[in-house]
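Okay, so the sequence shown: first residue is 33 according to this note's numbering, each after it adds one.
Written below as structure tokens is the structure these notes are about.
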Amino acid sequence: MPAAVASPGPGHGQGHGPGHGSGSAPGHGSKPGHPGKPAHPGKPGKPDKPGKPGGGNTASITVMGTSDLHGYIENWDYFKNTEYDDAAGNDVGLAKISGLVNQVRADRGVDNTLLIDAGDTIQGTSLTDYFANVEPITETGELHPMAAAMNAMDYDAAALGNHEFNYGTDLLARFEGQLDFPLLAANAVDEATGQPAFAPYIIKTVKPKGGKPIKVGILGLTNPGIAIWDKGNVEGKLRFPGLVETAAEYVPQMKAAGADVVVVSAHSGTSGTSSYGDDLPLENAATQVAEEVPGIDAILVGHAHQEIPEHFVTNKATGEQVLLTEPLNWGMRLSVLDFELTKVRGKWDVTSASASLLNANTVEADPVVSDLVRDAHQRVIDYVNTPVGTATETMSAAESRYRDTAVIDFVNEVQAQAVQRALAGTPAGDLPVLSLAAPFSRTAAIPEGPVTIRDLAGLYVFPNTLYAVDMTGAQIKDYLEYSAKYFTQTASGAPVDPETLTNSDGTPDYNYDMFSGIGYDIDISAPVGERIANLTYDGAPLDPEQHFAVATNNYRQSGGGNFPHIATAPVLLNQQTEIRQLLIDYVVANQSINPAGFAEENWRLVREGVPVFG
33 MPAAVASPGP GHGQGHGPGH GSGSAPGHGS KPGHPGKPAH PGKPGKPDKP
83 GKPGGGNTAS ITVMGTSDLH GYIENWDYFK NTEYDDAAGN DVGLAKISGL
133 VNQVRADRGV DNTLLIDAGD TIQGTSLTDY FANVEPITET GELHPMAAAM
183 NAMDYDAAAL GNHEFNYGTD LLARFEGQLD FPLLAANAVD EATGQPAFAP
233 YIIKTVKPKG GKPIKVGILG LTNPGIAIWD KGNVEGKLRF PGLVETAAEY
283 VPQMKAAGAD VVVVSAHSGT SGTSSYGDDL PLENAATQVA EEVPGIDAIL
333 VGHAHQEIPE HFVTNKATGE QVLLTEPLNW GMRLSVLDFE LTKVRGKWDV
383 TSASASLLNA NTVEADPVVS DLVRDAHQRV IDYVNTPVGT ATETMSAAES
433 RYRDTAVIDF VNEVQAQAVQ RALAGTPAGD LPVLSLAAPF SRTAAIPEGP
483 VTIRDLAGLY VFPNTLYAVD MTGAQIKDYL EYSAKYFTQT ASGAPVDPET
533 LTNSDGTPDY NYDMFSGIGY DIDISAPVGE RIANLTYDGA PLDPEQHFAV
583 ATNNYRQSGG GNFPHIATAP VLLNQQTEIR QLLIDYVVAN QSINPAGFAE
633 ENWRLVREGV PVFG
């Protein structure tokens, strides 16, 4: 699922919070931020004598930024086993981004540039899963390919994203230790000490030729949603206060420590909305940080997977314009932030800021980066193309968001079987088992014939783990009504276009759940909240008081998507096994996927009782 609503990881690695008080990396001239350092006003100096342009009184610096790389290094689609391609002609990956970075450094001067990231680096591809689960770096000690690539590119700092926590804090700590630059997260706070678990900020010194050194402060902010999305990995160890309050605490410290330029690297979008309601601080708070915290010159935005070349927000206290930019995810774009500075009373002052985006499809991949990861890349290709069984027929997900398809039934069958096995012999062993799943990918398909790990991983693209909760019939009805808001209300007799029928009010595919084990109709002609009809269990109307064991994933159980009841329902099972691994295990054990054994049309779209699709 897109990073705006993150997918929790496998739940292993329950160590202490990583890297307490971690600071700068050797050889990068970084100065780590120190919590609690008092702010003090700078002493006024004499005005500088007017000088010619370039005579030491003016300077230009550039900060380059990436975000939401999600483990993409090569321009490769592991699920399709070919070069990455999309309708817009985008290329992906750090190898391409490195080519752009090299161009900017050659143009602006290496000494005048910095390179930072806004988070979500180590989850999202088969490559990152391989080095977290198949050959985890916590066991092998091998250098993570993302660490190898980012070190070679000479990053100066990276903010933490929510997906950094997917595989547990032990793996994150190992990854952090492999980097030649600091991971920043001012609002990732150690529960035991009350101190930041990572460096809040660094101050980098840029030395323009013939001019006084310029100090650039980089503040890292991560997403409060981690407390929900990766509850199993961080509960009791880390807490995540709001971005605005944290920035308000640290920006004055950075200015007092001498920062001439303040750049925030924030794993948070600009919309001012949250996917999890009001239980936690604001999820997409970059605009609010710019508006409410004085002293910030620019924000590198992440998390939302949007493309923002250049956007200015007015700070409410100072009236100053704050520059915001967000590069497109997966290494498709590089943000380039240019700052013009003038010396005023002996100190540098930012007189203008601008931003632009560079497209990764305009350059060749950097051979230095490609050579570094060549072996790892090939090992992952070989792994995901390993056949583990066969399928009796092709099962496609192309229509899964509006039809009951065998491929989603397969996911629900595997989840339900796993819950039944786990609950057998327990007090909950007699509960009827239902299962729910969302259509994560429109392009996924299990082909007739040999089935590979790549096929199965492409069907379930997130490292979510299996849960089961106790829900009543009445709660399930509420849940289905909430899920059904995904469909655009369409009157009887009106044309039905599958392309506009779904994703009503921006609801993403991964926030539409389908149940197995019960029967129901979704009336798309009815208003939201009144759409579920003919709700049955075992051929009879569903009893509102009856209890069920509902198989789900840890993202949904922890509140992802803000569905009713499920986050507060009693937990019957927390298996901490990835669901896609359960799919692989099922095929290995059975050697065959045969829809005749599990496919059942138990739900359908209707209008006033008439089926929408035949």
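Backbone N, C-alpha and C fix where the C-beta goes; we use that ideal spot for every residue, glycine too.
As the structure is a prediction and not an experimental result, all values here were calculated from the model.
Exercise. Nearest to residue 341 by alpha carbon, out of 356, 585, 347, 209?
Worked result: For the residues 356, 585, 347, 209, the minimum Cα distance to residue 341 belongs to 356.
Exercise. Hey, quick one: how far does the beta strand (DSSP E) through residue 482 stretch, first residue to last?
Worked result: Segment 481 to 484, the beta strand (DSSP E) holding residue 482.
For this session: Report yes or no: is there a C-beta of chain D within less than 9 Å of the C-beta of residue 109?
Result: Among the protein chains of the structure shown there is no chain D, as only one such chain exists.
For this session: For residue 609, collect the residues of the same chain with a Cβ closer than 8 Å to its Cβ; drop the 5 residues on either side in sequence, then sort them by chain order.
Result: These residues qualify, in order along the chain: 42, 450, 497, 498.
For this session: Tell whether a beta-carbon distance below 9 Å holds between residue 319 and residue 283.
Result: It is not a contact, given that the beta carbons lie outside the stated cut-off.
Exercise. Mapping DSSP to helix, strand and coil, what is residue 261?
Worked result: Correct three-state label for residue 261: helix.
Exercise. Bridge partners of residue 192, per DSSP?
Worked result: The partner list for residue 192 (beta bridge, DSSP) is empty, contrary to what the question assumes.
Exercise. Quick one: any contact between the region 577 to 596 and the region 448 to 468, if contact means 3 or more CB pairs under 8 Å?
Worked result: In short, these stretches touch, since the Cβ pair count reaches three.
Exercise. If we call anything under 9 Å between Cβ atoms a contact, is residue 292 one with residue 211?
Worked result: When the beta-carbon positions are compared, residue 292 and residue 211 stay at least 9 Å from each other.
Exercise. Thinking just about the alpha-carbon of each residue, which of 495, 402, 275 is nearest to the one in residue 162?
Worked result: The residue from 495, 402, 275 with its alpha-carbon nearest to that of residue 162 is 495.
Exercise. Using a Cβ-Cβ cut-off of 7 Å (strictly less than) and excluding sequence neighbours within five positions of residue 616, which residues of its own chain qualify?
Worked result: Excluding five sequence positions before and after residue 616, the CB atoms of its chain that fall closer than 7 Å to its own CB belong to 420, 485, 488, given in chain order.
For this session: Please work out which residues of its chain come closer than 7 Å, Cβ to Cβ, to residue 430, disregarding the five sequence neighbours upstream and downstream, and give them in chain order.
Result: 474, listed in sequence order.
Problem set entry | Backbone secondary structure at residue 37 - three-state DSSP | Because the pLDDT of residue 37 is 31, which lies under 50, any placement of that residue in the model is unreliable, and the number read from its coordinates should be weighed accordingly. Residue 37 sits in coil when the DSSP states are folded into three classes, being neither helix nor strand.
For this session: Measure the Cβ-Cβ separation of residue 315 and residue 302 and say whether it is below 9 Å.
Result: At a Cβ-Cβ threshold of 9 Å, residue 315 and residue 302 do not count as neighbours.
Exercise. Is residue 623 buried or exposed, if buried means 16 or more other CB atoms sit within 10 Å of its CB?
Worked result: Exposed is the call here.
Problem set entry | For residue 247, three-class secondary structure by DSSP | Correct three-state label for residue 247: strand.
For this session: Evaluate contact between the region 123 to 137 and the region 265 to 282, counting only Cβ atoms and requiring at least three cross-stretch pairs below 8 Å.
Result: At 8 Å Cβ cutoff, the stretches do not touch.
For this session: Taking residue 97 as part of the alpha helix (DSSP H), name the residues at either end of that continuous run.
Result: Counting along the chain, residue 97 sits inside no alpha helix (DSSP H); it lies in the beta strand (DSSP E) bounded by residues 90 to 98.
Problem set entry | When 158, 464, 137, 336 are compared against residue 151, the one with the closest alpha-carbon | Nearest option by C-alpha distance: 336.
For this session: Report all residues from its chain with a CB closer than 8 Å to the CB of residue 404; omit the five preceding and five following residues, and keep chain order.
Result: 177, 180, 181, 184.
Exercise. For the region 489 to 562, which segments carrying the alpha helix (DSSP H) assignment without a break, of at least 4 residues, lie completely within its bounds, in sequence order?
Worked result: The qualifying runs are 505 to 515, 530 to 533.
Problem set entry | Assigned exposure category for residue 572 - 16 Cβ within 10 Å defines buried | Flag for residue 572 reads exposed.
For this session: Decide if the region 87 to 99 is in contact with the region 236 to 251; the criterion is three or more beta carbon pairs, one per stretch, under 8 Å apart.
Result: Counting Cβ pairs under 8 Å, three or more are found: they touch.
For this session: Specify the secondary structure class of residue 253 as computed by DSSP and reduced to three states.
Result: In the structure shown, residue 253 falls within a strand segment according to DSSP collapsed to helix, strand and coil.
For this session: Look at residue 392 and residue 144 and say whether their C-beta atoms are less than 9 Å apart.
Result: The answer is no: Cβ separation not under 9 Å.
Exercise. So who's on the other strand from residue 353, going by DSSP bridges?
Worked result: According to DSSP, residue 353 shares a beta bridge with 346.
For this session: Rank 529, 452, 550 by C-alpha distance to the C-alpha of residue 436 and give the top, closest one.
Result: Comparing C-alpha distances from residue 436 to each of 529, 452, 550 shows the shortest one belongs to 550.
Exercise. Where does the unbroken beta strand (DSSP E) through residue 372 begin, and where does it stop?
Worked result: 365 to 376 is the extent of the beta strand (DSSP E) around residue 372.
Problem set entry | Proximity below 9 Å, CB of residue 631 to CB of residue 442 | Contact flag set, yes.
Problem set entry | Length of the line joining the Cα atoms of residue 527 and residue 643 | About 13 Å.
Problem set entry | Where residue 113 falls, given that 16 or more other Cβ within 10 Å makes a residue buried | That one is exposed.
Exercise. What do you get for residue 325, buried or exposed, if any count of 16 or more other CB atoms within 10 angstroms of its CB means buried?
Worked result: Buried, by the Cβ-count rule.
For this session: In angstroms with no decimal places, state the Cα-to-Cα distance between residue 278 and residue 120.
Result: Those two C-alpha atoms are separated by around 38 Å.
Exercise. Who are the Cβ neighbours of residue 116 in its own chain at under 7 Å, not counting the five residues just before and after it?
Worked result: Non-local C-beta neighbours of residue 116 in its own chain, meaning closer than 7 Å and more than five positions away in sequence, comprise 107, 108, 109, 123, 124, ordered along the chain.
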